[in-house]
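Residue numbers (the working numbering), protein chains in the order written: chain B, 359 to 576; chain R, 359 to 576; chain P, 3 to 234; chain H, 3 to 234.
We put the CB at the ideal spot given by N, CA and C, even for glycine.
Bear in mind that the values here come from a model prediction, so they are computed numbers and not experimental data.
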Amino acid sequence: MPLNKEGIAKRIAQDLRDGWYVNLGIGIPTLVANYVPEGIGVEFQSENGILGMGPFPFEGDEDPDLINAGKQTVTLLPGASLFDSAMSFAMIRGQHVQLTVLGAMEVSDSGDIANWKIPGAMVKGMGGAMDLVASAKNITVAMMHTSKKGESKLLPKCTLPLTGVNCVNRVVSNLAVMDITPDGFRLVERAPGVSVKEIEDSTAGRLVVDGSVPEMAL
Amino acid sequence: MPLNKEGIAKRIAQDLRDGWYVNLGIGIPTLVANYVPEGIGVEFQSENGILGMGPFPFEGDEDPDLINAGKQTVTLLPGASLFDSAMSFAMIRGQHVQLTVLGAMEVSDSGDIANWKIPGAMVKGMGGAMDLVASAKNITVAMMHTSKKGESKLLPKCTLPLTGVNCVNRVVSNLAVMDITPDGFRLVERAPGVSVKEIEDSTAGRLVVDGSVPEMAL
Amino acid sequence: MDKVVANVKQAIEGIESGMTLMIGGFGVCGLPENAIAALAETDVVDVTCISNNAGVADFGLGVLLKDHRVKKMIASYVGENDEFERQMLSGELEVDLIPQGTLAERCRAAGAGIPAFYTPAGYGTEVAEGKEVRVFNGKPHILEHAFHADFALVKAWRGDRAGNLIFKGTARNFNPMMAMAGKITVAEVEELVENTELDPNQIHTPGIFVQRIFQGDTYIKPIEQRTVRARS
Amino acid sequence: MDKVVANVKQAIEGIESGMTLMIGGFGVCGLPENAIAALAETDVVDVTCISNNAGVADFGLGVLLKDHRVKKMIASYVGENDEFERQMLSGELEVDLIPQGTLAERCRAAGAGIPAFYTPAGYGTEVAEGKEVRVFNGKPHILEHAFHADFALVKAWRGDRAGNLIFKGTARNFNPMMAMAGKITVAEVEELVENTELDPNQIHTPGIFVQRIFQGDTYIKPIEQRTVRARS
């Protein structure tokens, strides 16, 4: 059965390593914070100026001066720090953040990503996404494998304006975990009960299947 | 009579304007702080990270963590701020400092300055001087008109390695106040009792004398 | 040093049609509310606004956009304001969308006397169109230039007469860099104090970057996304 | 996050001959005293040191220079150390003197992922030799590149287990930028506290830039120029 959003977040959380600083984008990526494995200490960076971001505040404790990059009210954990936007992107461009998780409209099999604009229809802006994908060493995309119309979002080439080129390392979708390789998407894991065939059918870009592909252990 | 060091500092202090931020170099420039005219509020910037630098501390109050760019113990005045070296030079390069006063070994009649190196004999380094002279809109050099050997330090062309080109606006020496113009040093004021002839004899670079030149009023 | 002006009206004196304005804040967090509201009472039009976001429909930059005072908007993310999106898609409003880190760094660069710098952000995208590309350490970068502004409007938590500012929480965001980049920087603060009251070691923006300071009358500080968890 | 190491020996573990080291401080103010002293006890030689000054004869970088551990020195001002000047003029020591603001900015650039930037400092001087010159707004600038280091040794006043640092007075100077530029940044602090004790709004260097932290055993903090005025 394909994963829901929480399942995708849970699978990505398994990739976290102790001591990492992690930037989570808006949407599914935000949920990753809820599934940090036991014994793994990570600090979440919010590009509007937080290291050590904590959960949402208790009702009544909301502070308009303490929000995350998605403009949601948040809290700070012990050891947190606050800083300005130049410092925040210094951390990001300077590769001090070990993992970036963000959503995408399209990903190409060479690691290009598009997530900020649909010409003539939608323009929200790239926010910090272009800085993040151009800089981070380790970029995971969290996304649905196909659009609402059933079209693959994993393509040979992006059709939408790009956010970054040749930068995505891993895609975790509702169907699979895939790493970007010179040969295209390499299938790493299947969602529980999802067949290789099903993934192949939903992937328009090159998909490399090496031997038997394990199911995710969630 | 030629000015002494205090006299030079006192004359430069007359050029201060209310509301200015001022960077004073090591040596004679440091003394300018002692002669700020009544009613003129200025803040002194020290490039190692102070705005609002005050006088030396009272004996016993010295703090090793609070020094000026000359490594002397200093104090802070109300409204002071402390910052790092990148921020300090952001202020300097960004032209937020209204006046820079520094010493020189040589100044040319086109406004070049040399003050950091004597090849083969002395190399102290440029410290912040190159940033200051390349950036500041308003640079006054405080210096003796001639060397200990009696040679002019106001030259057609510097002989020592340069600190900056075409940057000095004004020179205040023990003999005169001179502004740099396209035609060379323009004589603005004479030290009390010093003749134009005496200044001409001590100046190797082009010197422009326009009509009668007033004496400084100290 | 005393940079205090009597009120918001004096603070924004000199802002004229056609000028370039920087406006601090991230979303509606850390916005110079009072200065924006006062600007909306003037007859200033055709301004170029540099601000990370475009406000929401009825708050922040939204009120300037609604009145068509903004000719051009330079921002990184505008997803919260439908009217903005409408004006942009219809072509009424000129828009330059640029990466958030590049926006922050271009403001800082202006304030720091760095006319241009190289960044990897935007390489290979439409952001890079017409820009110089250069490879450093095997990685392509694009050349970005400093952003200057005629006026920068910023908002801090506390400030003193000398213009020193301390921000609070994530309301800091773009305010410090924009303060550096304004030809005239107007700072509004929730609390204006005497020059002896702030710890010099804790100043976020040294007063040298601020030309005018005043205490805002009121601060609404709306919350865009009120997210909470239940008390257990 | 817990980046505390047990002692200075563990803190400098991995520093090897031939490496590039950044060392914070201005004069002997804000120097990582304990790390330098421990380094002087190792057999590390041939290092390239990036530090604003060269210490004095018997303190700070002076002790490393005296033992000829330094192959190359990158600094802005070295006037306080005669032994340094002697080694430099005799050719025993390779020296790169660069403008102080450029030094600070090159460290920050490395930490901030900016590979290169333009500055007016040094144009027309020997500092500009071999460097690209470009005119912006009618003014010539030179291209300067980021400085990276294998280790950065910095010193703060207070720090917590997560590596957050607060500096004191002018002991801040180059420490924050060098902390950003080190592949491994070792911070020593006068007082190490728990992660709940520092105000997140007052952190000068966020812990993300610090890989190891320890409390120094003692701090001598000499004064180079003790200047005072008489009590009236």
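From the options, residue whose alpha carbon lies closest to that of residue i
| i | options | result |
| --- | --- | --- |
| P:V156 | P:A42, P:T104, P:E87 and P:F211 | P:F211 |
| H:D98 | H:V46, H:E131 and H:Y120 | H:E131 |
| P:A39 | P:S234, P:T220 and P:H206 | P:T220 |
| R:F416 | R:L434, R:Q403 and R:S404 | R:L434 |
| H:G184 | H:R228, H:F153 and H:R174 | H:F153 |
| P:R43 | P:I52, P:I14, P:G26 and P:E199 | It is worth fixing the name first, because residue 43 of chain P is Glu in this sequence and not Arg. It is P:I14. |
| B:L512 | B:G522, B:D489 and B:M536 | B:M536 |
| R:P395 | R:R369, R:D423, R:I408 and R:E573 | R:R369 |
| R:N527 | R:L533, R:C516, R:P540 and R:G399 | R:P540 |
| P:E190 | P:A37, P:R174 and P:R71 | P:A37 |
| R:M449 | P:D84, P:A114 and P:E85 | P:A114 |
| R:V530 | R:V546, R:V523, R:I384 and R:N524 | R:V546 |
| P:V72 | P:E226, P:I116, P:I100 and P:E18 | P:E18 |
| P:K5 | P:I222, P:I225 and P:R214 | P:R214 |
| P:R160 | P:D60, P:L41, P:V80 and P:Q217 | P:Q217 |
Local conformation of residue i per DSSP, three classes
| i | result |
| --- | --- |
| R:A549 | coil |
| B:D568 | coil |
| R:D423 | coil |
| P:M182 | helix |
| H:P49 | First, the amino acid is wrong: residue 49 of chain H is Val here, not Pro. H:V49 falls in the strand class under three-state DSSP. |
| H:F235 | For chain H, the structure presents residues 3 to 234; residue 235 of chain H sits outside this window and is missing. |
| H:L105 | helix |
| R:L434 | strand |
| P:R110 | helix |
| B:S439 | strand |
| B:M502 | coil |
| P:L63 | helix |
| P:N203 | helix |
| B:Y393 | helix |
| B:M445 | helix |
| P:L41 | helix |
| P:F176 | coil |
| P:G171 | helix |
| R:A534 | strand |
| P:L95 | coil |
| B:E573 | strand |
| H:G32 | coil |
| B:I386 | helix |
| B:R451 | helix |
| H:G209 | helix |
| B:G365 | helix |
| R:V526 | coil |
Exposed unless 16 or more other CB atoms sit within 10 angstroms - verdict on residue i
| i | result |
| --- | --- |
| H:D69 | exposed |
| R:Q453 | exposed |
| B:V380 | buried |
| R:K495 | exposed |
| B:E401 | buried |
| R:P413 | exposed |
| R:T521 | buried |
| H:V137 | exposed |
| P:V135 | exposed |
| H:A232 | exposed |
| R:E333 | Any answer about residue 333 of chain R is impossible in this case: the structure gives chain R only from 359 up to 576. |
Three CB pairs or more closer than 8 Å across the stretch 186 to 199 of chain P and the stretch 60 to 69 of chain P: no
At least three beta-carbon pairs within less than 8 Å, the stretch 99 to 113 of chain P to the stretch 134 to 152 of chain P: yes
Touch test, the stretch 483 to 491 of chain R against the stretch 121 to 128 of chain H, Cβ-Cβ under 8 Å, three pairs minimum: yes
Stretch-stretch touch, CB-based, cutoff 8 Å, three pairs: the stretch 416 to 428 of chain R with the stretch 453 to 470 of chain R: no
Whole runs of the alpha helix (DSSP H) within the stretch 456 to 516 of chain B, excluding any shorter than 4 residues: 487 to 493
Contact between the stretch 544 to 561 of chain B and the stretch 468 to 483 of chain B (3+ Cβ pairs under 8 Å): no
Stretch pair the stretch 467 to 480 of chain R + the stretch 84 to 92 of chain P: three plus CB contacts closer than 8 Å: no
Segment contact flag, the stretch 386 to 395 of chain R with the stretch 435 to 444 of chain R, C-beta cutoff 8 Å, min 3 pairs: no
Three-pair Cβ contact test at 8 Å for the stretch 9 to 24 of chain H versus the stretch 44 to 61 of chain H: yes
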